[in-house]
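To keep things clear, I will list the structure first and then write my remarks on it.
Chains as they are written, first to last, in the numbering used here: chain G, 113 to 388; chain D, 718 to 1015.
What follows is the structure, encoded as structure tokens:
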């Protein structure tokens, strides 16, 4: 196991594309989270100029809401797609450069090859989740201080939910890259599906009432994003008693996990039978 | 002698095309074994099956008298078709990955790089390498960890004469250390120069197998003439290795099953009381021989 991780680490340690994309992802993520509050309040200010009774300022990074909101921004499909694309590149490179072939020739079993890739996905999901958790903790701390009693109440479910979202979404990407074997095509199809096809399906199948489940609920990418579907906006709660989402549903976690498990099983099945 | 590889009736089809058909052979320890055949004769498919890249439809094989496994592949160094490395990693990192997979230490990375003449470029990225250097790095990686068997698929394909010479030098050196070598090539000349045993393939079917000297012996013909032509034709039949002769324009062209020495023929006929007026060797080109070899069988 450690040996397989060592090999994978050698493959990416001096791979510029990997580090540039990873860097871009964190810049995007941090900028999104840090600017969100500012931009929301900027909009509120603009609206207030035309309103007789001004809206109060929106504060979204207080404990315990900070966990849900950070998870929400990190689960937006435009952000989540970065690590997925990195995984597509890492797997399709092995086909492009025929190194998967060479690894097997040199004495790696086909199972070991897949396990090493899945371990990289698991490790990446863990590292990103830990960084995001630390980031959310410090943002929360800087907004609300230590005196909050419930500073971690939402932390565990939402960070675990984000971890599962990221893990499953990267496994989808891995599946797509493994089946298509071609970097450009895999990225194009994966991006097209995630960012365009599913939103279009949503347009046609959206529920008349927003909380009702439709086909769309069960689509792979939406089921990933839906784990943290809504941000926590205390103002809405206070003013209208509207609480969009307060926890990560266990049942909702099972859908992407089921997709990811089936895809992983297919990958192992195909690997065993197909010529390299 | 110890059997390194035993192949029993392996077959593989791609759609309707039978790429390899009921192929069997055996490789012994220390042999330099050639698989000779034109392009598309099933050489690479055979090697791919032996390295678990392609599952065979039928038949079986064993490495080191055991069922093939990743452990047996760790004892084999291989260059199959093109050199496969990460272009964005340097030579040393690429070789370290190979060593990790094979459970071998990094100790002989420098040595194999020196052998391949790439030591000065060891920290250059693979993508900056020329075609010949890439091929040499592939051979270097195959030699990593002192494998018991070296598998080479068209190792000199596309190289310039200097590159070919370098690769052959390395092969000769490795063979002299007692490493078993399995070499696939479409070049008769290459197999003849390097190998001691050979199987000849055509369209996935084995045509011949055996000692290179016997299978690929260029059965030269000799032109002879004497004043006593009937005596000559009678006497030459008794010469060892005689196959046939044809008569034309006052001389006979005699075929032998092996290479013959013209002075031996002369001495032999002299003893029989026949004085030659003409004696000439007729050599066929190797390519011509190879083509004949492939055409001979239906």
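The beta carbon of each residue, even a glycine, is placed where N, CA and C say it ideally should be. Bear in mind that the values here come from a model prediction, so they are computed numbers and not experimental data.
Please say whether residue 829 of chain D and residue 855 of chain D have beta carbons closer to each other than 8 Å?
-> Reading the second chain from its first residue, position 138 is the one you call residue 855 of chain D. Reading the second chain from its first residue, position 112 is the one you call residue 829 of chain D. The criterion of a C-beta distance shorter than 8 Å is not satisfied by residue 855 of chain D and residue 829 of chain D.
Residue range of the beta strand (DSSP E) that residue 963 of chain D falls in?
-> Counting from 1 along the second chain, the entry for residue 963 of chain D is found at position 246. Looking at the DSSP string, the run of the beta strand (DSSP E) that includes residue 963 of chain D is 959-965.
8 Å Cβ cutoff, residue 823 of chain D in contact with chain G | Translated into the one-based positions of the second chain, residue 823 of chain D becomes position 106. By this cut-off, residue 823 of chain D is not an interface position.
Is residue 233 of chain G closer than 8 Å to residue 292 of chain G when the C-beta atoms are compared?
-> In the first chain, residue 292 of chain G corresponds to position 180, counting from 1. In the first chain, residue 233 of chain G corresponds to position 121, counting from 1. No; because the gap between Cβ atoms is not below 8 Å, this pair is not in contact.
Identity of the residues DSSP links to residue 745 of chain D by a beta bridge | Start at 1 with the first residue of the second chain, and residue 745 of chain D comes out as number 28. Answer by DSSP bridge pairing, in chain order: D:720.
Counted within 10 angstroms of its Cβ, other Cβ atoms place residue 252 of chain G as buried (16 or more) or exposed | As a position in the first chain, residue 252 of chain G is number 140, starting the count at 1. Buried: at least 16 other Cβ atoms inside 10 Å.
Residue 826 of chain D lies in the alpha helix (DSSP H); which residues open and close that run?
-> As a working note, residue 826 of chain D is residue 109 in the second chain. Residues 826-832.
Assigned secondary structure, residue 255 of chain G (DSSP; H/G/I helix, E/B strand, else coil) | Position 143 of the first chain, counted from the start, is the residue given in the question as residue 255 of chain G. In the three-state reduction of the DSSP assignment, residue 255 of chain G falls in the helix class.
Mind checking if residue 358 of chain G is an interface residue toward chain D, Cβ cutoff 8 Å exclusive?
-> By one-based count along the first chain, residue 358 of chain G stands at place 246. Not a single C-beta of chain D is nearer than 8 Å to the C-beta of residue 358 of chain G.
For residue 1014 of chain D, which of helix, strand or coil comes out of DSSP?
-> Within the second chain, the letter at position 297 stands for residue 1014 of chain D. Note on residue 1014 of chain D: pLDDT 49, under 50, position unreliable in the model; the coordinate value appears next. Residue 1014 of chain D sits in coil when the DSSP states are folded into three classes, being neither helix nor strand.
Would residue 282 of chain G be called buried (16 or more neighbouring beta carbons within 10 Å of its own) or exposed?
-> Position 170 of the first chain, counted from the first residue, corresponds to residue 282 of chain G. Flag for residue 282 of chain G reads buried.
Looking at the structure shown, is residue 902 of chain D part of a helix, part of a strand, or coil, going by DSSP?
-> Numbered from 1 along the second chain, position 185 holds the residue referred to as residue 902 of chain D. Three-state result, residue 902 of chain D: strand.
Let me know the secondary structure DSSP gives residue 807 of chain D once reduced to three states.
-> On the second chain, position 90 is the one that residue 807 of chain D refers to. Strand at residue 807 of chain D.
May I have the straight-line CA-CA distance separating residue 962 of chain D from residue 889 of chain D, to the nearest angstrom?
-> Indexing the second chain from 1 puts residue 962 of chain D at position 245. Indexing the second chain from 1 puts residue 889 of chain D at position 172. Distance from the CA of residue 962 of chain D to the CA of residue 889 of chain D, rounded to the nearest whole angstrom, comes to 39 Å.
Across which residues does DSSP place residue 941 of chain D in a beta bridge pair?
-> Residue numbering aside, residue 941 of chain D sits at position 224 when the second chain is read from its first letter. Answer by DSSP bridge pairing, in chain order: D:969, D:996.
Do we get a CB-CB distance below 8 Å when we pair residue 1015 of chain D with the residues of chain G?
-> Stepping through the second chain from its first residue, residue 1015 of chain D is reached at position 298. Caution is warranted here: a pLDDT of 45 is assigned to residue 1015 of chain D, below 50, making its placement in the model unreliable, and no coordinate value can be reported.
Any idea what DSSP makes of residue 918 of chain D, helix, strand or coil?
-> Locating residue 918 of chain D in the second chain gives position 201, where the first residue counts as 1. In the three-state DSSP reduction, residue 918 of chain D falls in the strand class (E or B).
Compute the beta-carbon to beta-carbon distance between residue 839 of chain D and residue 809 of chain D, rounded to the nearest angstrom, for a pair I have assumed lies under 8 Å.
-> Position 122 of the second chain holds residue 839 of chain D. Position 92 of the second chain holds residue 809 of chain D. About 5 Å separates the beta carbons of residue 839 of chain D and residue 809 of chain D, which is inside the 8 Å limit, making them a contact pair.
So, is residue 718 of chain D buried or exposed, given that buried needs 16 or more other C-beta atoms within 10 angstroms?
-> As a position in the second chain, residue 718 of chain D is number 1, starting the count at 1. Burial is judged here by how many other beta carbons sit within 10 angstroms of a residue's own beta carbon; residue 718 of chain D has fewer than 16 and is exposed.
Alpha-carbon to alpha-carbon, residue 973 of chain D and residue 954 of chain D | Counted from its first residue, the second chain places residue 954 of chain D at position 237. Counted from its first residue, the second chain places residue 973 of chain D at position 256. If I take the Cα positions, the gap works out to 10 Å.
Residues that residue 387 of chain G contacts on chain D, provided the C-beta gap is smaller than 7 Å | For the purposes of this step, residue 387 of chain G is identified with residue 275 of the first chain, where counting begins at 1. The contacting residues are 770, 771.
Within the 8 Å Cβ cut-off, does residue 814 of chain D reach chain G?
-> Stepping through the second chain from its first residue, residue 814 of chain D is reached at position 97. So yes, residue 814 of chain D belongs to the interface.
How would you list, in chain order, the residues of chain G whose beta-carbon sits under 7 Å from the beta-carbon of residue 827 of chain D?
-> Residue mapping note: residue 827 of chain D aligns to position 110 of the second chain, counting from 1. Near residue 827 of chain D there are no residues of chain G at all, since even the closest Cβ is about 18 Å away, more than 7 Å.
Hey, quick one: how far does the beta strand (DSSP E) through residue 366 of chain G stretch, first residue to last?
-> For the purposes of this step, residue 366 of chain G is identified with residue 254 of the first chain, where counting begins at 1. Following the DSSP letters along the chain, one finds residue 366 of chain G in no beta strand (DSSP E) but inside the alpha helix (DSSP H) bounded by residues 362-385.
Please confirm if the region 752-762 of chain D is in contact with the region 912-922 of chain D, defined as three or more CB-CB distances below 8 Å between the two stretches.
-> Output reads yes: the region 912-922 of chain D touches the region 752-762 of chain D.
Let me know the secondary structure DSSP gives residue 928 of chain D once reduced to three states.
-> As a first step, residue 928 of chain D must be located in the second chain, where it is residue number 211. Three-state DSSP puts residue 928 of chain D in a strand.
When we look at the beta-carbon of residue 242 of chain G and count the other beta-carbons within 10 Å, is it buried (16 or more) or exposed?
-> One-based indexing of the first chain puts residue 242 of chain G at position 130. Under the 10 Å beta carbon count, residue 242 of chain G is surrounded by fewer than 16 other beta carbons and is classified as exposed.
Can you tell me whether DSSP reads residue 113 of chain G as helix, strand or coil?
-> Mapped onto the first chain, residue 113 of chain G falls at position 1. Coil.
So what does residue 777 of chain D bridge to, in DSSP terms?
-> Your numbering for residue 777 of chain D matches position 60 in the second chain. BP columns for residue 777 of chain D point to D:725.
Have a look at G:218, G:208, G:239, G:358 and flag the residue whose alpha-carbon is nearest the alpha-carbon of residue 119 of chain G.
-> Your numbering for residue 119 of chain G matches position 7 in the first chain. Selected option, being the one with the closest Cα: G:218.
So who's on the other strand from residue 730 of chain D, going by DSSP bridges?
-> For the purposes of this step, residue 730 of chain D is taken as the residue at position 13 of the second chain. In the DSSP output, where bridge partners are listed per residue, residue 730 of chain D has D:735.
When burial is assigned at 16 or more other CB atoms within 10 Å of the CB, is residue 777 of chain D buried or exposed?
-> The residue labelled residue 777 of chain D in the question sits at position 60 within the second chain. Counting Cβ neighbours within 10 Å, residue 777 of chain D comes out exposed, since fewer than 16 surround it.
Do you know how far the Cα of residue 801 of chain D is from the Cα of residue 116 of chain G?
-> Locating residue 116 of chain G in the first chain gives position 4, where the first residue counts as 1. Locating residue 801 of chain D in the second chain gives position 84, where the first residue counts as 1. Using only the alpha carbons, I get a separation of about 19 Å.
First and last residue of the alpha helix (DSSP H) that includes residue 202 of chain G?
-> The residue you call residue 202 of chain G lines up with position 90 of the first chain. Looking at the DSSP string, the run of the alpha helix (DSSP H) that includes residue 202 of chain G is 189-208.
Less than 7 Å between the CB of residue 850 of chain D and some heavy atom of the ligand PLP, yes or no?
-> You won't find the ligand PLP in this model; it holds no ligand whatsoever.
Quick one: grab the DSSP three-state call for residue 132 of chain G.
-> Within the first chain, numbered from 1, the residue matching residue 132 of chain G stands at position 20. In the structure shown, residue 132 of chain G sits in a helix (DSSP, three-state: H, G or I).
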